[in-house]
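Reviewing the structure listed below.
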Amino acid sequence: MNTLTQINCPTQKFWRSDVASSQKLTEIAIVDSAIPDFESLHQGIKPGIATYSLDKQTDGVEQIAQILAKHANIQTLHIISHGSPGTLYLGATELNNSNIENYRQQLRQWCRVLAVGASIILYGCRAAATVAGKQLVDRLHQITGANIAANLQATGNSGLGGTWNIPQLVPPYPSAPELALAATALKTYKGLLLGFSTQVTFAAGEVPRDVSIGDINGDGKPDLAVANYGSNNVSILLNTTPTGGTTPTFATQVVFATGRQPRTVSIGDINGDGKPDLAVANALSNNVSILLNTTPTGGTTPTFATQVTFATGTQPRFTSIGDFNGDGKPDLAVTNLFDHTASILLNTTPTGATTPTFATQVTFATGREPRGVSIGDINGDGKLDLAVANALAVNVFGNTSILLNTTPTGATTPTFATQVTFAAGSLPQSVSIGDINGDGKPDLAVMNSLGDNASILLNTTPIGATTPNFATQATIAVGLNPFSVSIGDFNGDGKPDLAVANDLSDNSSILLNTTPIGATAPTFATQVTFAAGSSPQSASIGDINGDGKPDLAVANARSDNVSVLLSTAPKVTAVTAITVDGSYTASATIAITVTFDTAVTVDTTGGTPQLQLETGTTDRFATYVSGSGSNTLTFNYVVQASDSSADLEYLATDALTLNGGTIKETIATAFDAFLTLPLLASANSLGGSKAIVVDTTAPTVALTSASPATTNTPFNVTATFSETVTGFTASDVNVTNGSIGNFTGSGTTYTFTVTPSGNGNVAIDIPASSAVDSAGNNNIASTQFTRIYDTTAPTVALTSTSSTTTNAPFNVTATFSETVTGFTASDVNVTNGAIDNFLGSGTTYTFTITPSGNGNVAINIPASIAVDAVGNNNTAAAQFTRIYDTTAPTVSLTSTSPAIANSPFNVTATFSESVTGFTASGVNVTNGAIDNFTGSGTTYNFTVTPNANGNVAIDIPASTAVDAAGNNNSAAPQFTRIYDTTSPTVALTSTSPAIANSPFNVTATFSEAVTGFTASGVNVTNGIVSNFLRSGSNYTFTVTPNTDGAVTVDIPAAQATDAAGNNNTATTQLTRIADLTSPAANLSAIANISTAGDISQILTVTFSDNSEIDISSLDNSDLVINWSGGAIPASFVSVDANSNGTPRTATYSLIPPG
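Numbering (the working numbering), first residue to last: 2 to 1155.
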């Protein structure tokens, strides 16, 4: 059994494998200690080969020169290290084409040690791949003179996609050289000699414990901010790495003072000016420093305002930045180690302010000794919650606190629900948040420093829940004393992977996430480690060299520097096709190639990678078929029915999917290839580099013509195919009621003339399978194309909804028998009117006629003022007329009844013209009622029955009837009758005394005017009538008594009638006494008349007529006594009435003269 003896050298370690001191060495194997499990490779070196290791912290090229200086005539030099195309990672050095001339002196020292014809075997993965790899091996051959063997593929375990077949390339040699490793070592080595580039370190301050990445100077490159725990400051290192560069470069650090023992640094735009500022947790100052960034955009020297500090709890460890109150300003969350709390400081800094301001901290209880804090929306309510890694707990070594944010938007005081804790591992140091299982919920990754592992806790909290829930932790092995964890997608598969800074292992672990989407248990590939500095305590992720891959920046506490490791994972550079340009139909196979910047290995155990293509309605997949181990993979796409693409292209830049398989530079360990494809239609895309047409669709054909739908001449037809076709001839066109001629065309367009046979429908058809496209697809039948052949002139009819007689402008419709054009208002001839509001098209046109005056209005449309679709002129329209009438109809009321009536009477309403709408309700009657209403047109009759004696008025108001033109009638003059049913009375009077001695006059007075009254209507007893006269309602006549005695005068009833025809009633009889004989007065004898004049004497006068004589009026003057000597007066004394009351004697007194 071989034994290994270790010899310590100043810069390297040497293992001598059973080599006697007198034995001449011809082979040397140098193993880089940065390789995972490099000790197993040492142990696997074949006996007789001297073995050395390189210190990963110093220049590897120089170390090899020093090792070789101890030897001479070496036949074979084995260099076992990491590699990438055109690069060897040797100790702390990258040897590549850009710096190889800088090492010419050291390489020439190699040459002096090597024997003539010696070989250098480079074990690094893909060191000879690509143009850069070829240049590197050529230059090494030129400088050292040695034969160069190097790998074009990944070197290492074949089960991981690697190979130990390392060919001699310069000069070319068919057989591969013998390797230094024994067969057992080749089979059992678990890794590959690849990964990140060897770290490049940049000086920081003392004890750098945290690094963050951000574009400090706004030049598009991610810069570094480092918290220097031992020097109480932060370092800013501006990134000067060229885009795509393989070696990172940074400007010398510029430091800015902080508080005492700055533990962590976070980056965010505190004052909203667009520049990333710094928030630093100062462990010994018990505060947080805010440094506002004042670096000009593109500046080469960073500048920051002097720190402003804000009090926290005791021993603040970590700080995170996020907007807790939703006001758009980034706030701070700080863990306080000794207070067992988290502080929230709400940002009150005005936008663009030069001095930051924060509200006084509000603290919330956490677990014991909280270390790391991360921010994320745990319960999906839109608020940022806290996840805190607590180093100690009561029953276990540590746990994680979740504090759900309950702060109202815009609030000035933060509020959080009481913490809910979840078990983690031993002494959790940090926590990061990411969606590990792709279910849309933020999960946790916790680094357990004493457990040397990571806890993954999958989030099961319902959206909007007030209590968080996480599945039980799953632990994953990492390095020794893991201090921090960052999350990023290192292999471009869309899953968040882990980057861990291992404090005691002096390296960083990369753990690739293999958790299926939605899985309830997380899974990660075994860690792959990459050398860092001494005591790495923080790792941050960013694209340092702008190649689209995530790189690492690691803060090394004990080596006072920052390591930058650039990702060397394969990346897609181009997509094209082996299949030649052209058109392809169903069942054709199109071979598509995907080229990476380095060789890749494909594992189809779990599934076959696919490339999704844009192929129309259904996007098909091209399936991987070959190419594993090279930098070009082939995918076959079998064209399916209905697929279509004018220029075949993949669906999107993420169209390359693993489908359960893998495409890696190492299988099951390190880096999956980045699968992001070139931009669509770019030069390196499938569509941009090829012209492949997928055509499984039968060509369609559409028939069109510039001729109108109705034509009166032969017309041209165009057959347009959806794509270029051949084999289409005139005989393929079917025409009904016509014939075809002048057939021409090719490709997609063909034309021909159709001559109709007669009036009517002309149909053109192209049947299916009349032509084929370039892919061999037969056309489908066209939609039938038709034209109407028409040589008949269109007719036109004029109509209107207006009445024959109208009193307003009226609308007229001109309806053609078919669609016409060219018809305008000027084509309408109107007599006694004007036209406007002309509208219409096709077959129907409307216009308004405004008559000029009353009378006939005539509308004519002459012939040949409009044409149909084929050019036929119209025939003239039949003249259309309307009578324009704006005169209101008048109405008069008449009746044959007398003006005074004593019974119902008929009335006739006569209109000046025929009307409608006139009803009994249109007649207003005062003191009467209407019935028996009949009539139409101009004449209406009705009966009026008066209600009572007196005036009866009949009215027809305006607007109770309309004529044919719609004119309302004017009001009728009022019509009246007097209703009278009272018989006239008559009274007989006379001025003659009751006793008359002569003819006497009588007056007959009627109560109203009468007619028909004559002298014969007067009855007289003992007398006769004469002198009969009329004066108005009075009649007079003379009655001449015949003899003495009573004379009676009577007017019987019904001797006269009034105006209403009422007969008079009989009079009260008038009587007079006719006394035609004069009465005699007898004087009594006067006795005892003395002569003395003073003695009174009584004289009695007795009348001979003792009836009908009124002597009551006698007085002194009626009696004269003639006495001698003259007359003497007598004084009336009294009268005596006779038996019937009429006085007949009178007594007088006298005094005779003395």
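Glycine is no exception: its CB is placed at the ideal position from the N, C-alpha and C atoms.
- Proximity of the stretch 959-966 to the stretch 1037-1045 falls short of the contact definition, fewer than three beta-carbon pairs being nearer than 8 Å.
- The beta carbon of residue 857 sits closer than 7 Å to the beta carbons of 833, 882 and 884 from its chain, once the five residues preceding and following it are set aside; these are given in chain order.
- The continuous stretches of beta strand (DSSP E) do not include residue 450, and DSSP gives it neither H nor E.
- Taken atom to atom, the span from the alpha-carbon of residue 964 to that of residue 707 is near 55 Å.
- Where residue 113 is concerned, the enclosing alpha helix (DSSP H) starts and stops at 105-114.
- If the five residues before and after residue 478 are omitted, its C-beta is found closer than 6 Å to the C-beta atoms of 454, all from its own chain and listed in chain order.
- With contacts defined as CB atoms closer than 8 Å, residue 1045 and residue 1075 qualify as a contacting pair.
- Annotation for residue 437: no alpha helix (DSSP H) segment contains it, and DSSP assigns it neither H nor E.
- Given a length threshold of 3 residues, each whole run of the beta strand (DSSP E) inside the stretch 485-539 is given here in chain order: 498-503, 508-512 and 529-532.
- By the Cβ neighbour-count rule, residue 638 is buried, with 16 or more other Cβ atoms within 10 Å of its own.
- Looking only at 829, 569, 507 and 633, the smallest Cα-Cα distance to residue 814 is reached by 829.
- The alpha carbon of residue 100 has as its nearest neighbour, out of 111, 88, 251 and 589, the alpha carbon of 88.
- In the DSSP assignment, residue 914 falls outside any alpha helix (DSSP H) and lies within the beta strand (DSSP E) extending over 906-917.
- By the criterion of a C-beta distance shorter than 7 Å, residue 115 is surrounded in its chain by 75, 78, 145 and 147, once the five residues flanking it on both sides are discounted.
- The residue from 817, 28, 738 and 614 with its alpha-carbon nearest to that of residue 694 is 614.
- Shown here for residue 988: same chain residues with a beta carbon closer than 6 Å to its own, the five before and five after excluded, namely 1006 in chain order.
- DSSP places residue 203 within a strand segment (E or B) once states are collapsed to three.
- In the displayed model, residue 1117 falls within a helix according to three-state DSSP.
- Contact between residue 982 and residue 1063 holds, with the beta-carbon distance rounding to 7 Å and staying under 8 Å.
- In the structure shown, residue 339 falls within a coil segment according to DSSP collapsed to helix, strand and coil.
- Under the three-pair Cβ rule at 8 Å, the stretch 756-772 counts as touching the stretch 783-797.
- Counting along the chain, residue 139 sits inside the alpha helix (DSSP H) bounded by residues 131-145.
- The beta carbons of residue 591 and residue 640 sit closer together than 8 Å.
- The C-beta distance from residue 319 to residue 282 rounds to 6 Å, short enough to meet the 8 Å contact threshold.
- Judged by DSSP in its simplified three-state form, residue 871 adopts coil rather than helix or strand.
- Taking 3 residues as the shortest admissible run, the stretch 457-483 contains the following complete beta strand (DSSP E) segments, listed from N- to C-terminal end: 475-478.
- A direct Cα-to-Cα measurement between residue 949 and residue 904 gives close to 10 Å.
- Here DSSP, grouped into helix, strand and coil, assigns residue 68 to helix.
- Nearest to residue 372 by alpha-carbon distance, out of 450, 705, 942 and 517, is 450.
- Out of 521, 32, 459 and 901, the CA that lies nearest to the CA of residue 952 is found in 901.
- Cα atoms of residue 728 and residue 585: separation of roughly 19 Å, rounded to the nearest angstrom.
- Residue 765 sits in a strand when the DSSP states are folded into three classes.
- Of the residues assessed, residue 932 falls on the exposed side of the cut-off, its CB having fewer than 16 other CB atoms within 10 angstroms.
- If you look at residue 44, you'll find it in the alpha helix (DSSP H) that goes 39-44.
- For the 8 Å CB-CB criterion, residue 537 and residue 509 form a contact.
- Residue pairing by DSSP places residue 1027 opposite 1039 in a beta bridge.
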